[in-house]
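Protein chains in written order, with the working numbering: chain A, 484 to 895; chain B, 484 to 895; chain C, 484 to 895; chain D, 484 to 895.
Even for Gly, the Cβ is constructed at its ideal location relative to N, Cα and C.
As the structure is a computational prediction, the values presented were derived from the model and not from experiment.
Number of protein chains: 4
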Amino acid sequence: MGWNSWDCYGASVTEETVRANAAYMAEHLKQYGWEYVVVDIQWYEPKATTHEYNAFTELCMDEYSRLIPAPNRFPSSEGGKGFGPLAEYVHSLGLKFGIHIMRGIPRQAVHRNTKILGTDRTAREVAKTNSICAWNTDMYGVDPDREGAKEYYESLFELYASWGVDFVKCDDIARELPHEESELILLSNALHHCKREMVLSLSPGPALLEKAELYKQYAQMWRITDDFWDHWESLYDMFERCEKWCIHSGPGHWPDADMLPVGAIRQDYDPDNRTKFTEDEQKTMMTLWCIFRAPLMIGGELTKLDPFTKELLTNSEILAMDREARHARQVWRRRSEDTEFVVWSAERSTGGTYIGLFNIGEKEGTVTLPFTDLEMYGTYGVKELWSGKEIAPAGELTVDLPKHGCAAFLTL
Amino acid sequence: MGWNSWDCYGASVTEETVRANAAYMAEHLKQYGWEYVVVDIQWYEPKATTHEYNAFTELCMDEYSRLIPAPNRFPSSEGGKGFGPLAEYVHSLGLKFGIHIMRGIPRQAVHRNTKILGTDRTAREVAKTNSICAWNTDMYGVDPDREGAKEYYESLFELYASWGVDFVKCDDIARELPHEESELILLSNALHHCKREMVLSLSPGPALLEKAELYKQYAQMWRITDDFWDHWESLYDMFERCEKWCIHSGPGHWPDADMLPVGAIRQDYDPDNRTKFTEDEQKTMMTLWCIFRAPLMIGGELTKLDPFTKELLTNSEILAMDREARHARQVWRRRSEDTEFVVWSAERSTGGTYIGLFNIGEKEGTVTLPFTDLEMYGTYGVKELWSGKEIAPAGELTVDLPKHGCAAFLTL
Amino acid sequence: MGWNSWDCYGASVTEETVRANAAYMAEHLKQYGWEYVVVDIQWYEPKATTHEYNAFTELCMDEYSRLIPAPNRFPSSEGGKGFGPLAEYVHSLGLKFGIHIMRGIPRQAVHRNTKILGTDRTAREVAKTNSICAWNTDMYGVDPDREGAKEYYESLFELYASWGVDFVKCDDIARELPHEESELILLSNALHHCKREMVLSLSPGPALLEKAELYKQYAQMWRITDDFWDHWESLYDMFERCEKWCIHSGPGHWPDADMLPVGAIRQDYDPDNRTKFTEDEQKTMMTLWCIFRAPLMIGGELTKLDPFTKELLTNSEILAMDREARHARQVWRRRSEDTEFVVWSAERSTGGTYIGLFNIGEKEGTVTLPFTDLEMYGTYGVKELWSGKEIAPAGELTVDLPKHGCAAFLTL
Amino acid sequence: MGWNSWDCYGASVTEETVRANAAYMAEHLKQYGWEYVVVDIQWYEPKATTHEYNAFTELCMDEYSRLIPAPNRFPSSEGGKGFGPLAEYVHSLGLKFGIHIMRGIPRQAVHRNTKILGTDRTAREVAKTNSICAWNTDMYGVDPDREGAKEYYESLFELYASWGVDFVKCDDIARELPHEESELILLSNALHHCKREMVLSLSPGPALLEKAELYKQYAQMWRITDDFWDHWESLYDMFERCEKWCIHSGPGHWPDADMLPVGAIRQDYDPDNRTKFTEDEQKTMMTLWCIFRAPLMIGGELTKLDPFTKELLTNSEILAMDREARHARQVWRRRSEDTEFVVWSAERSTGGTYIGLFNIGEKEGTVTLPFTDLEMYGTYGVKELWSGKEIAPAGELTVDLPKHGCAAFLTL
């Protein structure tokens, strides 16, 4: 659970903003379990201003081919201190600090043929000749078969460890498998080699279902979708993605449904931008993410949180579901004459059953769930977690749901 | 749970054999939960002698285009009594009676243009012109859009209900979807129309994963594999099939891993034939079927059950797992240097956790499962269900497994 | 070059009509090279009335499982004379006689288990169990591996030879390759076994380009398209089909672009029906068919030939191109700003070069062809074959063409 | 017809070698029609030594982002003279001069952000962000939509024109279509803009058959195969490639079957290397290339030509076929019991018919070609072009052919 700068600032977030969001989180959200503060892509790019990348541009880099924060955007990094001071600040608030990286080695290091720490090999010698990212020109892939490749990645994670990084979101590496499989293994091993515990999060998606066991072994999170934004179609599709991935969720390995694009997003384009999701859609998203136990990363600017969004993100019983659910699965999905319903269920580790009812069709409607569909054969009372209302024991659950709306229950 | 004639007699089972197996089941197996006795394919074919089908041969049929038992093979059916007397006998033993049917209407009815009960339409008028089975020449598909199609299927199930049938295995209908989707719906509706409760089991497989919701709504069981025989490769493949289908298992809708080819099978070719599965492989099969909660149908001749096979089929704790498991799923699957391990887990509805450890590689090996992989964070004692041995509480479970072998645990 | 009953009468042509068309051809078209009179599909079906097939209906058949003309539609066949008298009549006019057959053996023969001439095998024993036509219920495929299969096909062609058949259009056999490849070889060998020379024409298309050498060896004609009707889209597509197949055209092996749907077609639905092709489109069709050297089969009712259509079909210089062209190929195909042009060229076996210019776009336009594109490096005079107009020698050819129109040239 | 440095020197040819081969060609081969001398890939790479490319290495480049010859390998280029002096020398011998280029703009130009002649745009601004070659790291693709892209390509061809280049082999552009289609059009237009006539040859293959019209319009040659080396399998495959492409051969547009790997090839690895093709295979290759009218480029070191190879390359009648053949096509291809035969035929523009008979199976055998298969209906005498032997007039041609051998005929 945390905050990530991408949805509101793209490639252009600054230290000032990160500090402000961290401070807000410490004061208002930490008590609900929110703790990671993550600086997303291109913190090493001095000229970045939006979500668009400048092609082939000059990047800030140390003498060992490692990218470092752009001092004009992260002043505390001046003098070779990197993200050390910023991480220290975040830690001082009782929070954790994360960064985004791109798979590979900077192209400018390769073309300048700069050194690799702890080896007499150079950037040119470890780069993979035909491995590039399809949408960003910063890096070449690293060829795991080359001498110096291992040392390069180890030098990277040692640097991040020295800064105090707790979370690394590595990009250009999940959707590309199995092509880049050996580079993922090299990178993951290098991370473990540095001794500091860091969460490894893989991006972008959709990850490959047939590679589930690989992700489980080498990463803690992996994206099951391309960038998720505030479009209903993407949320609708997420139901099928979650259905397919649910059995791969467990301790230390979490399919990742991407950030929550709520509140004030796309701030680099216009400070007035707000999510286009309706309130019902946002509740549907939170309920699905939590019963599926997806990692939760807030996409919106925290200092501009409106009351609805704040409530959405601080409902203790919904957030408990993200921690306490076990064996979540889609029970069924059916088109009724007028709309389409989905039922999810999960066990609560401390007892009881979670139930998510979703109306993902285009009309309001009434859905009935016999408890026998959950292999529960008596009568059950339930509490609705968004409203707090309780329903008296019965053999089935009947609920009216608006279009794109949901209800989340826990048996009493 | 039951017995089916296919694995030992193919298309050629006789009444005498069915009665003998039913009697054996009532005396020796019923107490463990075994109850269905199912007559498989072509009971209407007077000349059938093996698993091979005679092409275009004469079938026993009533005047309304409905197939009836061949009196030379099922003497009690003489005089239009159909399976009534045999079902009555099975019921008298406290057991249930099932039959196999092929989707469609007999080709001989179509070419003779015989009547359909309760309508002035004929067989020729309801047959679908280009719908045939790829491996059997008995039937044409029925075109749901034709007048008389509904009446034909209703007349079928009324006949089966009048006989006292409890279970209908319908063939040539699962793998062919979505092509034959509307015929499945027509058939399922006709079954419900007849008022007698009958289990509807769809065959052959592999059924289509993307049609899971359809099977759930219109059938109780559907095959997730082609005919399953005693080859290790098929059992190896079943692990992946079960992984994919596990979330679709639940009350009233069961993915079906096919019969258990154990004991004396292929009796129509040679009475000395026995399963080629090793004992370890048979335990692996039973453990997977039961933790996955697959329907259990014995394929071997019951009157020839050897001691090992009888024990295999009457282990109360393993069979309890088939009833009590919930939310079963593959936890992980990994190649170690020398072999390949799979871990399954499920909750027991009355408390506790089931764990299946499988060595599906080609060498013996030792597998370790930290309980944290199951989100169980303390120490746990377990009982191995095949041997009855208990293991003292610990934070992980370490087991030596022979090639193709398994262990099944329940936490204490 | 001939006439075929399909385009005007579907499955329902009668002897009277065939005789009338033959008589017309002998009197008015024979002198231009037209000579085959072909009775298309289901002449053995007494109840056929249109292009739609009656499913599973009774067919006229002899005691040896061979279909024979329905006497109510072909009265001269009465008394076991088959098509003998009709063929004799056609021959008496100096023309040749052809029939259509379906691959395989009648389903009614299989289900009645009738005999096969010259063997003690039966229809049931030679039928292939899972080989049917997708759009017609008359036949089962024949399994070449069965004893009696060869004898069945030989008995068929002996019957046709005894009737005096000169041309056999075999259906359900070209598009289905390689599935039915061995049945084609069996059938072709049986045809040659009967000693009478008959053209073997395969249908329906599109035939498979990668099987070109097979068709060349076992048939004289094969359809490169599904049924071709009077829709511009189909004619447009034919340019690409002809481009791909042109190198496979030669003596004794002709890719077949299907019938010419001109004049009075679909007469079984309405005697007022006429082709929907414009005059320009019909000329484009004739020009392409003739430069490509496709077999020419008139689809319209001959006795209703209007003056335009008659001229279209009797232009001696265009028809000469169908005989005299060699090495025809598409020279180029280009989209211009407003429309799309295609150039074909072929050598004339007796000297000179044929050129076809086509405007297959949606606007009129002017096309220029430098003779150097044909590897002709001087200046050339040409004659336009539809109009007879000559153009003085020049280094290129420039022509205005209406939408869907063409011009055909021969160098002087 | 010419010589290309790739097969013998890979990326490492030197001026001295080019001059020696040009001198040899002028003295010994020019009289047979050989005239182009082509410097293949990476003449701008000072460290190249073999067929392997150094990754990300420094390239010789002018201030306008244009690659120039490496002076250590091409001394006459010193002082900004480029290939001018070498081209002048080749022209002085009465021959023509060609170079190889890679599609795109040097990566080092992009990362150094160098200028583009005649515009205030820079290399960085015209590079396409995700377009690289799969096997060489020299270039980025150029994005035709960027300002400066057109000017960049025009500046390239103006430079080549100023040097006196007659032939440009552009690499990384044929197989990649349609992806790089717009870059091909941009490049081709830039070539025509420079006014000097240069042949444009596209590489590598296999080119896409469905893009034939595009190649015809924008290039003179395009490779129909990946790099062709001295392996029989590749030569065997070429028969099918030629069959498919034959109709697209004509004046100004030639499908290219790649170089002739004959004589002393792979000289950069070992001066003793010689082609692995047998003499029969080399004749088969020459016969196919010439009847198909493929461009002919010698791959072997000319100064080491052995007597067999020299004869192979200077057979006047075979070479005449490369110029005089028209409408070449595969007549048929058949497996006989023991081997496999292919027949090609073409018209000679000045009269007569060329015939190629090939045994591409693994045993010697006898092939018979009735002249009627070529639509030639009388008796014909022929001359075999390799041996000069004449065969008396007959209705068919019967020849014994060794494994992988051929015969080439011209009718008398």
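Coarse secondary structure for residue i, derived from DSSP in three states
{"i": "F791 (chain A)", "result": "helix"}
{"i": "L893 (chain A)", "result": "strand"}
{"i": "Y837 (chain B)", "result": "strand"}
{"i": "T439 (chain A)", "result": "Past the edges of chain A, shown from 484 to 895, lies residue 439 (chain A), and the structure says nothing about it."}
{"i": "M585 (chain C)", "result": "strand"}
{"i": "D883 (chain B)", "result": "strand"}
{"i": "Q514 (chain B)", "result": "helix"}
{"i": "K530 (chain B)", "result": "coil"}
{"i": "I843 (chain A)", "result": "coil"}
Short Cβ contact (9 angstroms threshold) for residue i with residue j
{"i": "E637 (chain B)", "j": "R586 (chain B)", "result": "no"}
{"i": "N744 (chain A)", "j": "D490 (chain A)", "result": "Reading off the sequence, residue 744 (chain A) comes out as Pro, not Asn. Yes."}
{"i": "L771 (chain A)", "j": "C653 (chain A)", "result": "no"}
{"i": "Q525 (chain B)", "j": "S548 (chain B)", "result": "no"}
{"i": "A632 (chain D)", "j": "D626 (chain D)", "result": "yes"}
{"i": "R831 (chain A)", "j": "D805 (chain A)", "result": "no"}
{"i": "G746 (chain C)", "j": "L779 (chain C)", "result": "no"}
{"i": "G516 (chain B)", "j": "F580 (chain B)", "result": "no"}
{"i": "I582 (chain B)", "j": "V521 (chain B)", "result": "yes"}
Short CB-CB distance (under 9 angstroms) between residue i and chain B
{"i": "H594 (chain C)", "result": "yes"}
{"i": "R899 (chain C)", "result": "A query on residue 899 (chain C) cannot be resolved here, the shown segment of chain C reaching from 484 to 895 and no further."}
{"i": "Q813 (chain A)", "result": "yes"}
{"i": "S684 (chain A)", "result": "no"}
Short CB-CB distance (under 9 angstroms) between residue i and chain C
{"i": "N613 (chain B)", "result": "yes"}
{"i": "Q591 (chain B)", "result": "yes"}
{"i": "N672 (chain B)", "result": "no"}
{"i": "I538 (chain B)", "result": "For clarity, residue 538 (chain B) is Ala in the given sequence; the question names Ile instead. Closer than 9 angstroms to some Cβ of chain C, the Cβ of A538 (chain B) qualifies, so yes."}
{"i": "T708 (chain B)", "result": "no"}
Sheet register partners of residue i (DSSP bridge)
{"i": "P738 (chain C)", "result": "C:W705"}
{"i": "T851 (chain A)", "result": "A:T881"}
{"i": "A829 (chain B)", "result": "B:Y837"}
{"i": "Q457 (chain C)", "result": "This structure does not reach residue 457 (chain C), given that chain C is present from 484 up to 895, and the question cannot be answered."}
CB contact below 9 angstroms: residue i versus chain A
{"i": "Q703 (chain D)", "result": "no"}
{"i": "C543 (chain D)", "result": "no"}
Near the ligand COA: residue i beta-carbon under 8 angstroms from a heavy atom
{"i": "G835 (chain B)", "result": "In the structure shown, the ligand COA is absent, as is every other ligand, since no ligand is present at all."}
is_contact[residue i, chain D] using C-beta, thresh 9 angstroms
{"i": "D856 (chain C)", "result": "yes"}
{"i": "I668 (chain C)", "result": "no"}
{"i": "C616 (chain A)", "result": "yes"}
{"i": "I588 (chain C)", "result": "no"}
Quiz item: If you scan the region 539 to 609 of chain B from start to end, which runs of the alpha helix (DSSP H) of 4 or more residues do you find wholly inside it?
Solution: 567 to 575, 590 to 595, 606 to 609
Exercise. Output the residue ranges of the beta strand (DSSP E) runs that lie fully inside the region 627 to 689 of chain A and measure 3 residues or longer, sorted by chain position.
Key: 650 to 654, 682 to 685
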